[in-house]
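Asker: Structure in structure tokens, see below.
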Amino acid sequence: MSKLIRMDQTGHSTIAQWTPSDPDSVDAAVAAFRAELDRGYLAMVSTGPGHAEQVRELPVDAPLVILRLPISGG
Amino acid sequence: MAVEAVPPVAVLPETARVHWRPRVDDARLRRSALLWGLTTAAHIVPFTGAAVLLMALNPVALPVALVLVAHAWVIPELYAQRGANVLRPRPRAGEDPERRALGLLGDLVDHDARDLHAQTGLVLEPGRLGTWLVGEGGAVLLHGRRRRAYCYCVRVDGDAVESATGSRELPSGDRIAHLLLALRADEQGFATVANLSFCGARWRLRRRLAAPMRPALARAAALDSGSSTPG
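Top line first, the protein sequences correspond to chains A and B. Mapping of the first sequence onto my numbering: residues 1 to 74, in sequence order. Mapping of the second sequence onto my numbering: residues 75 to 305, in sequence order.
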């Protein structure tokens, strides 16, 4: 089962879980994904050791999608 | 002449907010190192020269000469301290959020990096520009043959997003995970968005780091020694 999680003050929260073969769970996950992007979160997917990629659409086949906040110079 | 195809680089979206900054690359890192070196020399040479001159003119001026030498020593140390501050731990969140965040961070890194983080609080991340040490408030890049240290200050926006915990702070593991994911997505973009707090000799930074963090710097330097990037 794939997971959409958001890094937040609780450590992290699971926003959605889906199975690619279950269209209802995918639709719910896509809706949750878009809502988080609208809130200003950025979605990241690990693409191998030391590599990550930002995604703008929910990658349904990815096992884990992580939502992070933007960064800026401190 | 055949030209090797270069895969398109995904640009960190945060770079749009600093569109006036040139994208950081090897040449720009070398230029920064040169400028910081000249600035350090500009602080050290006049004070030291004046101290020598005073002593040559009249040895009675020894106390004043010592003050000048102290200035020549302290000013670069203050810069190095500013650099070391990017790795300084931030206030802890609650025990449960910290544990959850640490679990996620542990999923993002390998076994060696997990061990090093447990010992030092820093995550070692090899990159194309050099070797990175990622902390809660920024990251240090060791670049080039001389493994010069570039200290980048970075913050996570939206720390104050309302939460059921009532806490305004992200747990330490999440802070590092935010920076790590951004770094992995676009290393040059990460360095472009971040503010360069210090660039200088690794030994100067090491002296200002908390003792538990120093092994991480040594490990990163050893890893970076294999880099072929000129420095």
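Backbone N, C-alpha and C fix where the C-beta goes; we use that ideal spot for every residue, glycine too.
For a contact meaning CB atoms closer than 7 Å, what does residue 230 of chain B contact in chain A?
Answerer: Under the 7 Å cutoff, chain A gives 69 and 71.
Asker: Once DSSP output is grouped into helix, strand and coil, what is the label at residue 98 of chain B?
Answerer: Residue 98 of chain B: coil per DSSP, three-state reduction.
Asker: Can you tell me which of the three DSSP states residue 89 of chain B falls into?
Answerer: DSSP places residue 89 of chain B in helix when its eight states are reduced to three.
Asker: Under a CB-based cut-off of 8 Å, is residue 273 of chain B close to chain C?
Answerer: The structure shown contains no chain C; its protein chains are A and B.
Asker: Got a sec, what are the start and stop residues for the beta strand (DSSP E) residue 17 of chain A sits in?
Answerer: Start and end: 13-18.
Asker: Can you find at least 3 beta carbon pairs, one from the segment 59-73 of chain A and one from the segment 246-258 of chain B, that sit closer than 8 Å?
Answerer: Yes: at least three Cβ pairs fall under 8 Å.
Asker: Confirm, please, whether the CB-CB distance from residue 163 of chain B to residue 195 of chain B is below 8 Å.
Answerer: For residue 195 of chain B and residue 163 of chain B, yes; Cβs fall inside 8 Å.
Asker: List, in chain order, every chain B residue whose beta-carbon is nearer than 8 Å to that of residue 49 of chain A.
Answerer: The contacting residues are 184.
Asker: Beta-carbon separation of residue 33 of chain A and residue 58 of chain A under 8 Å?
Answerer: For residue 33 of chain A and residue 58 of chain A, yes; Cβs fall inside 8 Å.
Asker: So with CB distances below 9 Å, who are the chain A contacts of residue 293 of chain B?
Answerer: Going along chain A, no residue has its Cβ under 9 Å from residue 293 of chain B, so there is no contact; the nearest lies around 16 Å.
Asker: What residue does the beta strand (DSSP E) around residue 230 of chain B start on, and which one ends it?
Answerer: Taken as a continuous stretch (DSSP letters only), the beta strand (DSSP E) holding residue 230 of chain B covers 222-230.
Asker: Could you check where the alpha helix (DSSP H) with residue 246 of chain B kicks off and where it finishes?
Answerer: That run of the alpha helix (DSSP H) goes 246-259.
Asker: Which stretch, first to last residue, makes up the alpha helix (DSSP H) that contains residue 191 of chain B?
Answerer: Element bounds for residue 191 of chain B: 185-194.
Asker: In three-state terms, what does DSSP make of residue 21 of chain A?
Answerer: Coil, per DSSP.
Asker: Do residue 167 of chain B and residue 227 of chain B come within 8 Å of each other at the CB atom, strictly closer than that value?
Answerer: The answer is no: Cβ separation not under 8 Å.
Asker: Rounded to whole angstroms, what's the CA-CA distance from residue 284 of chain B to residue 273 of chain B? Just pull it up for me.
Answerer: Their backbone Cα atoms lie some 18 Å apart in a straight line.
Asker: Which residues of chain A have a Cβ atom closer than 9 Å to the Cβ of residue 55 of chain B, listed in chain order?
Answerer: Outside the displayed range of chain B (75 to 305) lies residue 55 of chain B, so it cannot be described from this structure.
Asker: Report all residues from its chain with a CB closer than 6 Å to the CB of residue 209 of chain B; omit the five preceding and five following residues, and keep chain order.
Answerer: If we look at residue 209 of chain B and ignore the five residues flanking it on each side, its Cβ neighbours are 161 and 196.
Asker: Does residue 222 of chain B pass the burial test, meaning 16 or more other C-beta atoms within 10 Å, or should it be called exposed?
Answerer: With 16 or more Cβ atoms within 10 Å of its Cβ, residue 222 of chain B is classed as buried.
Asker: Can you tell me which residues form a DSSP beta bridge with residue 45 of chain A?
Answerer: The partner list for residue 45 of chain A (beta bridge, DSSP) reads A:53.
Asker: Compute the Euclidean distance between the alpha carbons of residue 243 of chain B and residue 101 of chain B, then round it to the nearest angstrom.
Answerer: Rounded to whole angstroms, residue 243 of chain B to residue 101 of chain B spans 36 Å at the Cα level.
Asker: Leaving out the 5 sequence neighbours to the left and right, which residues in its chain are closer than 7 Å to residue 6 of chain A when beta-carbon positions are compared?
Answerer: Only 12, 13, 15, 36, 41 and 67 meet the Cβ criterion.
Asker: From A:45, A:51 and A:4, pick the residue whose C-alpha is nearest to that of residue 26 of chain A; which is it?
Answerer: Nearest of A:45, A:51 and A:4 to residue 26 of chain A, Cα basis: A:4.
Asker: Can you say whether residue 199 of chain B is buried or exposed, counting buried as having 16 or more other CB atoms within 10 angstroms of its CB?
Answerer: With 16 or more Cβ atoms within 10 Å of its Cβ, residue 199 of chain B is classed as buried.
Asker: Please report how far the alpha carbon of residue 98 of chain B lies from the alpha carbon of residue 260 of chain B, in whole angstroms.
Answerer: Whole-angstrom Cα-Cα distance: 11 Å.
Asker: Listed in chain order, which residues of the segment 255-267 of chain B have Cβ atoms closer than 7 Å to some Cβ of chain A?
Answerer: Correct list: 255, 256, 258, 259 and 267.
Asker: For residue 203 of chain B, does the three-state DSSP call read helix, strand or coil?
Answerer: The answer is coil: DSSP assigns residue 203 of chain B none of H, G, I, E or B.
Asker: Determine contact between the segment 173-185 of chain B and the segment 136-145 of chain B, defined as no fewer than three beta-carbon pairs at a distance below 8 Å.
Answerer: Judged by Cβ distances under 8 Å, the segment 173-185 of chain B makes no contact with the segment 136-145 of chain B, as fewer than three pairs qualify.
Asker: Please report how far the alpha carbon of residue 86 of chain B lies from the alpha carbon of residue 138 of chain B, in whole angstroms.
Answerer: Each residue's Cα considered, the two are about 51 Å apart.
Asker: Distance cutoff 8 Å, beta carbons only. Does residue 1 of chain A sit that close to anything in chain B?
Answerer: Answer no: the Cβ-Cβ gap between residue 1 of chain A and chain B never drops below 8 Å.
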